[in-house]
Amino acid sequence: MLELRLVQGSLLKKVLESIKDLVNDANFDCSSSGFSLQAMDSSHVALVALLLRSEGFEHYRCDRNISMGMNLGNMSKMLKCAGNDDIITIKADDGSDTVTFMFESPTQDKISDFEMKLMDIDSEHLGIPEAEYQSIVTMPSAEFARICKDLSGIGDTVVISVTKEGVKFSTRGDIGTANIVCRQNTTVDKPEEATVINMSEPVSLTFALRYMNSFTKATTLSNTVTISLSSELPVVVEYKIAEMGYIRFYLAPKIEEDDEGETKPEV
Amino acid sequence: MLELRLVQGSLLKKVLESIKDLVNDANFDCSSSGFSLQAMDSSHVALVALLLRSEGFEHYRCDRNISMGMNLGNMSKMLKCAGNDDIITIKADDGSDTVTFMFESPTQDKISDFEMKLMDIDSEHLGIPEAEYQSIVTMPSAEFARICKDLSGIGDTVVISVTKEGVKFSTRGDIGTANIVCRQNTTVDKPEEATVINMSEPVSLTFALRYMNSFTKATTLSNTVTISLSSELPVVVEYKIAEMGYIRFYLAPKIEEDDEGETKPEV
Amino acid sequence: MLELRLVQGSLLKKVLESIKDLVNDANFDCSSSGFSLQAMDSSHVALVALLLRSEGFEHYRCDRNISMGMNLGNMSKMLKCAGNDDIITIKADDGSDTVTFMFESPTQDKISDFEMKLMDIDSEHLGIPEAEYQSIVTMPSAEFARICKDLSGIGDTVVISVTKEGVKFSTRGDIGTANIVCRQNTTVDKPEEATVINMSEPVSLTFALRYMNSFTKATTLSNTVTISLSSELPVVVEYKIAEMGYIRFYLAPKIEEDDEGETKPEV
Chain A
1 MLELRLVQGS LLKKVLESIK DLVNDANFDC SSSGFSLQAM DSSHVALVAL
51 LLRSEGFEHY RCDRNISMGM NLGNMSKMLK CAGNDDIITI KADDGSDTVT
101 FMFESPTQDK ISDFEMKLMD IDSEHLGIPE AEYQSIVTMP SAEFARICKD
151 LSGIGDTVVI SVTKEGVKFS TRGDIGTANI VCRQNTTVDK PEEATVINMS
201 EPVSLTFALR YMNSFTKATT LSNTVTISLS SELPVVVEYK IAEMGYIRFY
251 LAPKIEEDDE GETKPEV
Chain B
1 MLELRLVQGS LLKKVLESIK DLVNDANFDC SSSGFSLQAM DSSHVALVAL
51 LLRSEGFEHY RCDRNISMGM NLGNMSKMLK CAGNDDIITI KADDGSDTVT
101 FMFESPTQDK ISDFEMKLMD IDSEHLGIPE AEYQSIVTMP SAEFARICKD
151 LSGIGDTVVI SVTKEGVKFS TRGDIGTANI VCRQNTTVDK PEEATVINMS
201 EPVSLTFALR YMNSFTKATT LSNTVTISLS SELPVVVEYK IAEMGYIRFY
251 LAPKIEEDDE GETKPEV
Chain C
1 MLELRLVQGS LLKKVLESIK DLVNDANFDC SSSGFSLQAM DSSHVALVAL
51 LLRSEGFEHY RCDRNISMGM NLGNMSKMLK CAGNDDIITI KADDGSDTVT
101 FMFESPTQDK ISDFEMKLMD IDSEHLGIPE AEYQSIVTMP SAEFARICKD
151 LSGIGDTVVI SVTKEGVKFS TRGDIGTANI VCRQNTTVDK PEEATVINMS
201 EPVSLTFALR YMNSFTKATT LSNTVTISLS SELPVVVEYK IAEMGYIRFY
251 LAPKIEEDDE GETKPEV
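Protein chains in written order, with the UniProt record's numbering: chain A, 1 to 267; chain B, 1 to 267; chain C, 1 to 267.
Right, here's the structure in full:
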């Protein structure tokens with residue numbers, strides 16, 4: 001028996017909107033510690049990891065660990081029917097092949113039950129080792145989203161270069177080149193407007209803008225984003241979810257593109 | 001000679017937006033009592049009835065009953081050119097094959113005349129008998145529109161079931177099932193937020209969501225909608241138009257679908 | 001060496017949005033007096049003339065006159081990456097085949113450099129003689145834009161007729177005819193809401209609505225528009241740009257259409 005009651009139901013709506021275009025089908029894993037998901041995107045390039053800790057739910061009952069395979073497009077269609085102020089409860093009976101999403105309006109005048117069929121999905125849970133990163137940038141999530149969108153009008157890849165002074169985002173394409181520098185800045189009115197660089201070593205890595213733009217759909221979940229970079233590791237783009245968890249996107253750097261951008265002689 | 005001056009011209013704009021996708025061509029009937037329309041939708045399944053009583057016009061002159069055939073798409077194109085605060089006057093000379101829409105801006109600085117050709121349209125006026133309905137639901141029109149839209153993401157038909165406690169909207173489709181219950185609720189801050197059930201007998205009827213969604217285009221005309229249901233009759237979905245009339249949509253229940261939804265054994 | 005620093009960078013963004021659909025490639029001419037452009041639209045029917053006077057820039061350095069050929073679509077893509085509050089600096093080295101747009105956020109925390117390749121564009125600068133116009137209409141730019149848009153739902157051309165009392169915009173199409181009269185009105189709360197007619201002689205001229213609608217993309221640049229008309233001359237549709245210049249659109253009247261509209265006997 002599973003029954004998870006989330007007062008701020010809009011969080012779950014936003015989570016689905018953040019990942020449904022990246023991942024088609026995925027197993028949601030439910031244990032006593034929380035509700036989580038780990039999935040590769042459909043082209044097996046990027047990895048998404050979601051965690052909603054049990055403490056974040058008003059009521060959390062999960063008698064035994066279960067894994068529920070869901071089509072995220074269909075799940076999103078159902079969650080879109082929840083109002084932004086609705087309480088959402090996820091329910092499943094032991095051994096059932098369906099999951100029920102219950103939406104309660106704040107006044108309790110409107111109660112909706114949406115029942116969705118579960119799927120069998122083969123997936124192996126990847127162990128993601130804890131790592132030390134050479135550079136960690138925390139910045140306003142809307143700013144990061146704007147930069148990825150702007151650069152994708154010029155080129156296909158972004159070089160992210162971190163120094164003590166700031167982080168530079170660069171691209172080049174047929175119509176020209178672009179460099180955007182965000183300086184470290186901690187003297188701001190609101191903490192979420194700060195740009196903070198934690199750097200042990202400067203890094204410069206190249207990524208496909210298509211994926212970065214996809215990750216920024218999670219911008220609605222958090223005012224800030226944290227980008228962790230190391231030359232030998234996939235970048236981690238993390239959005240915190242209120243007090244209860246996070247959504248993390250992992251993407252390997254493009255080796256060739258980086259070389260090309262860095263060492264190709266000017267013609 | 002016809003001359004109908006409507007101070008709140010936006011009402012006529014909204015009426016056209018409500019019905020132009022449902023009905024292509026229709027006769028507007030003008031008599032001393034009011035300006036009205038009755039028309040089947042283009043697939044001859046739903047019926048629209050509009051009434052704007054003469055008392056609602058600032059000036060109303062209709063020397064003799066006339067019926068003016070109009071293409072609603074073209075009429076809508078012209079009314080879209082009226083500002084939302086404009087006064088609209090409908091004018092036609094006796095025997096003329098055109099109608100003129102005059103728009104006056106509130107300051108009288110901008111005066112527009114749009115002249116449209118009339119059409120000959122065969123149509124017989126159906127007598128719609130007054131009927132007693134088993135269940136009459138009045139609810140916020142935006143809520144009803146939201147429910148029809150949400151359910152059409154899941155299935156093609158909606159079962160509307162009324163009991164003393166409330167009204168249930170259900171659907172089923174390939175991805176699962178949905179049930180939305182709105183409870184009777186009269187203790188609200190504003191009267192238009194109430195959900196009121198007037199029931200002599202419980203009913204459960206099935207309708208095509210496509211038409212319901214089309215009817216909800218009239219949501220801009222009124223904060224509330226009234227849904228009148230009887231097992232042997234078409235449903236009536238009514239939106240009041242200010243103090244001056246109404247727009248009513250009639251749709252026959254789907255017999256087969258209802259049976260299927262109600263009695264099909266679970267597999 | 002060229003370096004032009006424009007504090008209100010959004011003006012340049014709006015200029016590009018105003019003309020990029022009308023003109024594909026154009027030479028921007030830079031001299032000590034200002035930054036200007038003159039170009040025919042791609043079908044060689046309308047002419048655009050832009051002037052941004054040097055006094056309007058915070059810093060203006062132009063060592064020698066140069067003409068820089070740019071693709072306006074690409075330039076617009078780059079300028080879209082500037083924030084609305086950003087300071088924009090246009091930079092070019094002598095003899096360089098590129099131009100650089102630098103965007104500085106108001107807080108100086110984000111600095112962007114966009115470098116674009118220049119093009120060789122053949123163009124001859126047309127001398128536009130100063131002329132006396134028979135009728136000059138100044139009116140709210142949003143009203144003019146609304147009228148052009150509304151009429152293009154009915155017909156393809158607009159007849160603009162000016163008398164002492166006001167200006168009339170007329171069209172006719174398959175579904176009917178439309179006449180919109182704006183009366184002279186100088187008793188308004190705000191000067192930019194006035195409609196002012198300066199007339200030495202009444203005029204009535206016909207223009208293609210397609211071009212008029214294109215010109216009204218400059219509506220964001222100014223609250224008012226000035227339309228200068230003479231029977232033997234192209235109309236001038238002018239939008240002032242803050243204190244620093246203007247954008248002017250020139251379009252020749254349609255001779256045949258005018259005749260047809262004016263003298264064709266009613267059938």
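Ideal placement from N, C-alpha and C gives every residue a C-beta, glycine not left out.
Exercise. From Arg-172(B) to Asp-156(B), what does the alpha carbon distance come to, in whole angstroms?
Worked result: 8 angstroms
Exercise. In chain B, what lies closer than 8 angstroms to residue 349(C) by C-beta?
Worked result: With chain C covering 1 to 267 only, the question about residue 349(C) has no answer from this structure.
Exercise. Should the region 182-196 of chain A be regarded as contacting the region 136-143 of chain A, the criterion being three or more beta carbon pairs within less than 8 angstroms?
Worked result: Yes: the two stretches touch, three or more of their Cβ pairs being nearer than 8 angstroms.
For this session: Compute the distance between the beta-carbons of Leu-79(B) and Lys-20(B), then report whether it is under 7 angstroms.
Result: no
Exercise. Are Gly-69(C) and Asn-27(C) touching if we call contact CB-CB under 7 angstroms?
Worked result: yes
Exercise. Among residues of its own chain, excluding the 5 on either side of Asn-223(A), which ones have a beta-carbon nearer than 7 angstroms to its beta-carbon?
Worked result: Pro-140, Ser-141 and Glu-192
Exercise. Which class does Arg-248(B) belong to by DSSP, given the choice of helix, strand or coil?
Worked result: strand
For this session: Give, in chain order, every residue of the region 62-73 of chain C whose Cβ lies closer than 8 angstroms to some Cβ of chain A.
Result: Asn-71
Exercise. Who are the near neighbours of Lys-149(C) in its chain, counting only those whose CB is closer than 8 angstroms to its CB and skipping five residues on each side?
Worked result: Asn-213 and Thr-216
Problem set entry | Spatially closest choice to Phe-207(A) from Lys-254(A), Arg-5(A) and Glu-130(A), by CA coordinates | Lys-254(A)
For this session: Verify the CB distance criterion: does Thr-163(B) have a CB-CB separation below 7 angstroms to chain A?
Result: no
Problem set entry | Rounded separation between Glu-124(B) and Asp-41(B) - CA only | 14 angstroms
Problem set entry | Unbroken beta strand (DSSP E) run spanning Ile-180(C), endpoints | Residue range 176-183 is occupied by the beta strand (DSSP E) that includes Ile-180(C).
For this session: Report yes or no: is there a C-beta of chain A within less than 7 angstroms of the C-beta of Glu-124(C)?
Result: no
Exercise. Hey, is Lys-77(B)'s beta-carbon within less than 7 angstroms of any beta-carbon in chain C?
Worked result: yes
Exercise. To which residues of the same chain is Glu-238(C) closer than 6 angstroms at the C-beta, ignoring the five residues directly before and after it?
Worked result: Thr-226, Tyr-246 and Arg-248
Exercise. Which residues in the same chain have their Cβ closer than 6 angstroms to the Cβ of Val-188(B), if we skip the five residues on either side of it in sequence?
Worked result: Ala-194
For this session: Indicate whether at least one CB of chain A lies closer than 7 angstroms to the CB of Leu-12(C).
Result: no
Exercise. Is Met-112(B) near Ile-160(C), with beta carbons less than 7 angstroms apart?
Worked result: Rather than Met, the amino acid found at residue 112(B) in this sequence is Ser. Not in contact: Ser-112(B) and Ile-160(C) (Cβ atoms no closer than 7 angstroms).
Exercise. Roughly how many angstroms lie between the CA atoms of Asp-259(C) and Arg-210(C), to the nearest whole one?
Worked result: Low confidence applies to Asp-259(C): its pLDDT is 45, below 50, so where it sits in the model is not reliable enough to give any reading.
Exercise. Does the Cβ of Ile-147(B) have 16 or more other Cβ atoms within 10 Å, making it buried, or fewer, making it exposed?
Worked result: Buried.
For this session: Output yes if chain A places a C-beta closer than 7 angstroms to the C-beta of Thr-157(B); else output no.
Result: no
Problem set entry | Lys-14(C) versus Leu-221(C) - alpha carbon distance | 6 angstroms
Exercise. If we ignore side chains and look at the alpha-carbon of each, how far apart do Val-23(A) and Ser-228(A) end up?
Worked result: 22 angstroms
Exercise. Would a check of beta-carbon distances place Ala-218(B) closer than 7 angstroms to chain E?
Worked result: In summary, chain E is missing from the structure at hand, where the protein chains are A, B and C.
Problem set entry | For Arg-64(B), the nearest candidate out of Ser-33(B), Leu-37(B), Leu-51(B) and Ile-87(B) (CA to CA) | Comparing alpha-carbon positions, the option among Ser-33(B), Leu-37(B), Leu-51(B) and Ile-87(B) lying closest to Arg-64(B) turns out to be Ser-33(B).
For this session: Assign Leu-16(A) to one of three DSSP states: helix, strand, or coil.
Result: Looking at Leu-16(A) - three-state DSSP - the assignment turns out to be helix.
Exercise. Distance, Cα to Cα, Leu-11(C) vs Phe-114(A)?
Worked result: 50 angstroms
Exercise. Which whole-angstrom value describes the C-beta separation of Val-7(B) and Glu-58(B), a residue pair presumed to lie in contact below a C-beta threshold of 8 angstroms?
Worked result: 5 angstroms
Exercise. Is the shortest distance between the beta-carbon of Thr-138(B) and the beta-carbons of chain A less than 7 angstroms?
Worked result: no
Exercise. If you check the beta carbons only, do Leu-52(A) and Met-244(A) fall under 7 angstroms apart?
Worked result: yes
Exercise. Which residue or residues does DSSP assign as beta-bridge partners of Thr-6(B)?
Worked result: Correcting the residue identity first, residue 6(B) is Leu in this sequence and not Thr. Beta-bridge pairing links Leu-6(B) to Ile-88(B).
For this session: Quick one: give me the first and last residue of the alpha helix (DSSP H) that Glu-143(A) is part of.
Result: 141-152
Exercise. Where in the region 158-240 of chain A do unbroken runs of the alpha helix (DSSP H), each at least 4 residues long, occur, reported from the N-terminal end onward?
Worked result: 209-215
Exercise. Under 8 angstroms Cβ-Cβ, which residues of chain B neighbour Asn-185(C)?
Worked result: Taking a Cβ-Cβ threshold of 8 angstroms, the residues of chain B close to Asn-185(C) are Thr-107 and Asp-109, in chain order.
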